[in-house]
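Enquirer: Sharing a structure below in structure tokens format, with a few things to ask.
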Amino acid sequence: MLQHTPLYNAHVAAGARMVDFGGWEMPINYGSQIEEHHKVRQAAGMFDVSHMTVVDILGNQSRHFLSYLLANDVAKLQTPGRAFYTCMLNEAGGVIDDLITYFIEKTHFRLVVNAATHDKDMAWITSQARAFDIEVKERPELAMIAVQGPEARAKVIALLDDADAQLAAELKPFNAGQFGDKFIARTGYTGEDGFEISLPADSATALWDQLLEAGVSPCGLGARDTLRLEAGMNLYGQDMDETVTPLESGLGWTLALKDDRAFVGKDALLKQKEQGVANRLVGLVLKDRGVLRPGQRVVTEDGEGITTSGSFSPTLQKAIAFARLPGGVAQSCQVDIRGKLLECAIVRPPFARNGTVCEGVI
């Protein structure tokens with residue numbers, strides 16, 4: 000039986016097309032996925048992301064534990080509210096999940112992990128935590144709404160009282176704070192500015208309705224996927240998983256390998272780096288007419304690869320994709336689309352952010 004978020008009835012009432020996403024019945028769109036995409040790039044849209052898992056790490060050894068668990072170094076998080084994006088790896092360096100980590104206070108960190116990986120994530124975190132004096136506390140009583148777009152922050156701030164509004168306006172990217180019953184983070188998954196708001200489940204519908212009245216458009220998972228692809232953001236289970244490392248997934252920037260810190264998967268990453276990374280994740284822009292999808296064969300002068308994500312880009316008005324390719328110097332390739340080899344340019348993501356096409360993409 001599919002699970003429902005606290006906003007399920009609001010989605011149904013708004014006429015959303017509902018689909019199964021990782022065991023949750025979620026809105027794919029409310030009529031037009033492309034219109035929802037443009038709303039986020041040009042104004043403000045909101046997403047129900049309550050299916051994601053919030054996990055609090057509590058106790059005196061919280062920092063020590065996360066230093067071992069995560070590939071990025073929590074020593075970077077020194078100011079309360081500061082956050083970063085990182086990966087949680089297995090011993091072979093494969094990606095168990097990608098997540099955002101928040102530093103709340105000395106004995107309290109917060110992780111937000113993916114919905115589809117909930118069971119294995121919780122099993123892994125719990126097993127690794129046994130050697131540390133900490134508590135792993137899942138927070139199912141919290142809902143989460145992401146408000147994204149150039150007008151998103153202003154729309155949210157206008158709903159807060161004067162004192163909280165001023166503090167929320169001062170939040171820098173990848174910082175968060177507690178504002179009454181709302182944990183507001185200046186983070187997102189669209190390539191636009193905005194907030195991700197965690198709050199008690201029984202307060203979620205009221206906030207959703209307030210945002211609707213303020214002119215924020217509800218958006219489904221379809222637009223969320225094209226937005227994150229344009230923004231050069233990986234999707235777990237497509238662009239990376241337990242069989243590939245961050246070095247093969249365009250996520251080398253999330254690794255802290257140069258210090259003496261030991262973390263799960265580090266030895267495998269160092270070995271891979273020393274031997275040379277055979278594959279790289281790149282961006283593709285289709286030069287011909289056609290549709291790029293995951294799982295399509297890619298032909299390059301260095302050998303064959305495969306697309307991992309792909310879609311029509313509403314911002315570029317072209318088909319774009321991520322692909323994992325061998326070698327490292329090819330500037331163009333061909334993609335097998337229904338038996339025809341169509342020309343693609345190889346580019347460096349992101350394709351579009353902050354409402355505009357990135358330089359050098361087209």
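Start counting the sequence shown at 0; every next residue gets the next number (numbering that gives the first Met the number 0).
We put the CB at the ideal spot given by N, CA and C, even for glycine.
Note that the coordinates shown come from a computational prediction; the quantities given were computed from them, not determined experimentally.
(1) By the DSSP assignment, the beta strand (DSSP E) with Tyr101 in it spans what residues?
(2) Enumerate, from N- to C-terminal direction, the unbroken alpha helix (DSSP H) stretches of 4 or more residues contained entirely within the region 243 to 307.
(3) According to DSSP, is His107 helix, strand or coil?
(4) Flag Ser216 as yes when its Cβ comes closer than 7 angstroms to any non-hydrogen atom of the ligand SAH, and as no otherwise.
(5) Per DSSP, Val112 is paired with what?
(6) With Thr299 and Phe321 assumed to form a contact (beta carbons below 8 angstroms), what rounded beta-carbon distance in angstroms separates them?
(7) In or out: Ser31 buried (at least 16 other Cβ within 10 Å) or exposed?
(8) How many whole angstroms separate the CB atoms of Gly309 and Leu291, which I take to be in contact at a CB cut-off of 8 angstroms?
(9) Taking the straight line between their C-alpha atoms, what separation do you get for Asp371 and Ala329?
(10) Do you know how far the Cα of Ser197 is from the Cα of Leu6?
(11) Distance check for Thr253 and Glu34, CA to CA, integer angstroms please.
(12) Could you have a look at Gln41 and say whether DSSP puts it in helix, strand or coil?
(13) Pull up the distance between the alpha-carbon of Arg347 and that of Pro325, whole angstroms please.
(14) Which of helix, strand or coil does DSSP assign to Met121?
(15) Is Glu191 closer than 8 angstroms to Asn353 when the C-beta atoms are compared?
Expert: In this structure, then:
(1) Here the beta strand (DSSP E) through Tyr101 covers Val94 to Glu104.
(2) You should have 265 to 274.
(3) Residue state, collapsed to three classes: strand.
(4) Summarising the ligand content, the structure contains no ligands, and the ligand SAH is consequently not present.
(5) According to DSSP, Val112 bridges with Thr52.
(6) Their Cβ separation, rounded to whole angstroms, is 14 angstroms, which puts Thr299 and Phe321 out of contact at 8 angstroms.
(7) By the 10 Å Cβ count, Ser31 comes out exposed.
(8) Indeed, because the Cβ distance is near 3 angstroms, the residues count as touching under 8 angstroms.
(9) Because the chain spans 0 through 361 in this model, residue 371 falls outside it and cannot be assessed.
(10) About 13 angstroms.
(11) If you take the alpha carbons of Glu34 and Thr253, they lie about 32 angstroms apart.
(12) Helix.
(13) Roughly 15 angstroms between the two C-alpha positions.
(14) Three-state DSSP puts Met121 in a helix.
(15) Result yes, Cβ atoms of Asn353 and Glu191 sit closer than 8 angstroms.
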